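Report on the following structure.
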Amino acid sequence: MLFELKQVFLNEGEEKRIDYTLSLNNIELDGFYPFKTPVKVTATAKNRAGLVDLLIHTEFTYTRHCDRCFELVQRQMSYDFSHRLVTSLAGDSDDDYIEAPDFTVELDELITSDILLELPIKFLCRDDCKGLCPKCGKNRNDGECSCEKTAVDSRLDILKQLLD
Ligand SMILES: [Zn+2]
Ligand SMILES: [Zn+2]
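142 is the number that numbering that gives the first Met the number 0 gives to position 143 of the sequence shown; each next residue is one higher, with no gaps.
The following block contains the structure:
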């Protein structure tokens with residue numbers, strides 16, 4: 000999506016907003032496609048005292064397997080990003096500065112990389128997910144299995160979960 004911002008760049012106090020949906024259904028992470036539905040995007044560009052800031056709000060459903068118990072989890076996510084726009088990058092490029100040649104910024108690539116960088120590396124169905132029994136494979140969130148457990152086992156499990 001091209002966001003045309005000539006009026007914003009040229010007029011202090013000017014503001015422009017765009018709402019659209021961004022499809023990320025072709026993004027594959029660990030062999031899985033976590034973006035089943037399009038990302039809702041609201042992008043606002045504001046000129047404050049001659050500086051143009053781009054504020055991005057995203058909402059999306061993220062579908063992924065829990066790293067510990069492997070249950071499929073659907074979670075509503077919402078991220079906000081902001082960048083400063085410049086018509087040309089002078090000298091050293093800065094990650095927070097985005098070039099908008101011809102007063103235009105291409106949003107899709109920017110937002111896609113913003114989201115991918117922000118996603119949690121470790122993903123759990125819940126903070127205290129108990130994971131699977133290493134013996135029988137039962138999901139311990141559904142209740143204890145009948146495997147014999149010794150104190151040593153559970154200490155090892157805690158250690159293993161910490162190392163996960
Ligand atoms: Zn889990
Ligand atoms: Zn078991």
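Where a beta carbon is used, it is the ideal one built from N, C-alpha and C, also for glycine.
As the structure is a prediction and not an experimental result, all values here were calculated from the model.
Under 8 angstroms between C-beta atoms of residue i and residue j
{"i": "K45", "j": "T57", "result": "no"}
{"i": "I17", "j": "F2", "result": "yes"}
{"i": "S81", "j": "L116", "result": "no"}
{"i": "Y32", "j": "I26", "result": "yes"}
{"i": "C132", "j": "C146", "result": "yes"}
{"i": "Y96", "j": "V85", "result": "yes"}
{"i": "L21", "j": "I110", "result": "yes"}
{"i": "F8", "j": "F102", "result": "yes"}
Distance cut-off 7 angstroms: residue i Cβ against heavy atoms of ligand 2
{"i": "C128", "result": "no"}
{"i": "K137", "result": "yes"}
{"i": "K159", "result": "no"}
Rounded separation between residue i and residue j - CA only
{"i": "C203", "j": "C65", "result": "The question about residue 203 has no answer here: the residues shown for the chain are numbered 0 through 163."}
{"i": "R63", "j": "P100", "result": "37 angstroms"}
{"i": "L106", "j": "M0", "result": "5 angstroms"}
{"i": "P119", "j": "N24", "result": "18 angstroms"}
{"i": "G12", "j": "S87", "result": "21 angstroms"}
{"i": "G142", "j": "C68", "result": "13 angstroms"}
Outcome for residue i when other beta-carbon atoms lying within 10 angstroms are tallied against a minimum of 16
{"i": "F59", "result": "buried"}
{"i": "C135", "result": "exposed"}
{"i": "A42", "result": "buried"}
{"i": "I157", "result": "exposed"}
{"i": "S55", "result": "For the sequence presented, residue 55 should be read as Ile rather than Ser. Per the 10 Å Cβ criterion, buried."}
{"i": "I114", "result": "buried"}
{"i": "E47", "result": "Checking the displayed sequence, the identity of residue 47 turns out to be Arg instead of Glu. Classification for R47: exposed."}
{"i": "G49", "result": "exposed"}
{"i": "G130", "result": "buried"}
Distance cut-off 7 angstroms: residue i Cβ against heavy atoms of ligand 1
{"i": "L132", "result": "Before going further, note that residue 132 is Cys rather than Leu in the sequence given. False, no ligand heavy atom lies under 7 angstroms from that Cβ."}
{"i": "R63", "result": "no"}
{"i": "E70", "result": "yes"}
{"i": "C144", "result": "no"}
{"i": "R67", "result": "yes"}
{"i": "L123", "result": "yes"}
{"i": "N46", "result": "no"}
{"i": "N24", "result": "no"}
Which residues DSSP lists as bridging residue i, in chain order
{"i": "T86", "result": "Answer is none; T86 lacks a bridge partner."}
{"i": "N46", "result": "V51"}
{"i": "D101", "result": "Paired residue(s): none; D101 is not in a bridge."}
{"i": "N138", "result": "L131"}
{"i": "F31", "result": "L28"}
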